[in-house]
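Numbering (my numbering), first residue to last: 3 to 300.
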């Protein structure tokens, strides 16, 4: 009896230790905002930080939306578990007073953020700051980023695909886990569309303000487009339909809900020259789905 109690306590301690280590990791997707630290305010930055972590080294991408443009930086840095301090090496951030993003000047910026973990959420909070040479030109950017819990363990690299062969689309890393999450969510049928062609083309846009919504597309419960961030630029796919099924299902899976839930998109579907426009809305509980039925011939 004493021996059994010892093992129970031992496993509880080990589980707690592993859970604590996991909760302190910065690996995953982080979404939030950067606020320029100036007296009269300034243009803010919508931000996405995608991090990989190995030992004390981190790397990944820092995506941010400023005015009418999306910017992507490859980043490297370090993370200290004991202090929960994340340090990001120099990257270029467009100057906050830039009025034209195509000819705007860059500020060399470094990052110092601290991880704060609670039962409700994980938050990275800190500043982006410039070097001594630019400190009076490039003010601090106060950054607050929240972790996307639903997709933290999945591969996080946005991919834009022009043509899709469903037989060749393979995502071996974490696809089983993602498939399980997809199957647990409730499908909500937004529209039924009668089609007459063996292929359809779709265009997918963010519906409204860019807030870092990321989606995956499924056809008949199979992944055809891995996680991709929605912008005002179209994600375009040409998808073959299964002629042997009574109907096909096209689903938009929410990999996150961005800064403004739920995850919404405008989907334009082309059946030959016939155009259909559908508003899609997905979140962590439901997946927007279109039912595609074969048009009856006269």
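No residue lacks a Cβ here, since even glycine has one placed at the ideal position from N, Cα and C. Computed from a predicted model, the values in this text were never measured in an experiment.
Given this structure, state the Cα-to-Cα distance separating residue i from residue j, to the nearest angstrom.
i	j	result
residue 213	residue 87	26 Å
residue 106	residue 234	21 Å
residue 287	residue 205	24 Å
residue 222	residue 76	35 Å
residue 293	residue 207	20 Å
residue 80	residue 41	31 Å
residue 109	residue 83	29 Å
residue 181	residue 282	20 Å
residue 116	residue 144	12 Å
residue 94	residue 229	26 Å
residue 179	residue 135	47 Å
residue 54	residue 197	42 Å
residue 210	residue 114	32 Å
residue 159	residue 74	For residue 159, the predicted model reports a pLDDT of 40, less than 50, meaning its position is unreliable; a value from the coordinates is still stated below. So the two alpha carbons sit approximately 12 Å from each other.
residue 131	residue 224	44 Å
residue 171	residue 142	In this prediction, residue 171 has a pLDDT of 42, which is less than 50 and means its spatial position is unreliable; nothing more can be read from the coordinates.
residue 220	residue 251	8 Å
residue 280	residue 128	40 Å
residue 350	residue 242	Limits of the chain in this structure are 3 at one end and 300 at the other, which puts residue 350 out of reach.
residue 262	residue 201	33 Å
residue 99	residue 268	32 Å
residue 92	residue 133	9 Å
residue 277	residue 38	43 Å
residue 270	residue 57	44 Å
Look up residue i in the DSSP assignment and say whether it is helix, strand or coil.
i	result
residue 262	coil
residue 293	strand
residue 232	coil
residue 247	coil
residue 184	helix
residue 167	In this prediction, residue 167 has a pLDDT of 43, which is less than 50 and means its spatial position is unreliable; what the coordinates show is noted afterwards. Reduced to three states, the DSSP call for residue 167 is coil.
Going by Cα to Cα distance, which pick from the options is closest to residue i?
i	options	result
residue 187	144, 255 and 218	255
residue 248	58, 131, 237 and 298	298
residue 36	269, 224, 97 and 135	97
residue 112	103, 118, 124 and 90	90
residue 85	261, 26, 270 and 140	26
residue 215	260, 203 and 224	260
residue 119	150, 47, 273 and 60	150
residue 275	203, 210 and 224	203
residue 238	227, 184 and 193	227
residue 184	65, 33, 284 and 53	284
residue 30	57, 38, 39 and 62	62
residue 28	124, 92, 225 and 69	124
residue 33	64, 140, 147 and 99	147
residue 189	133, 253, 246 and 217	253
residue 104	278, 70, 231 and 291	70
residue 232	52, 72 and 245	72
residue 192	199, 52 and 290	290
Mark residue i as exposed unless 16 or more other C-beta atoms lie within 10 angstroms of its C-beta, in which case mark it buried.
i	result
residue 295	exposed
residue 50	buried
residue 138	exposed
residue 257	buried
residue 59	exposed
residue 164	Note that residue 164 scores a pLDDT of 44, beneath 50, so its modelled location is shaky; the value from the coordinates is reported in the next line. With fewer than 16 Cβ atoms within 10 Å of its Cβ, residue 164 is classed as exposed.
residue 47	buried
residue 102	exposed
residue 67	buried
residue 265	buried
residue 122	exposed
residue 195	buried
residue 65	buried
Would you say the beta carbon of residue i comes nearer than 6 Å to a heavy atom of the ligand FMN?
i	result
residue 125	Of the ligands one can find in the structure shown there are none, so the ligand FMN has no counterpart to examine.
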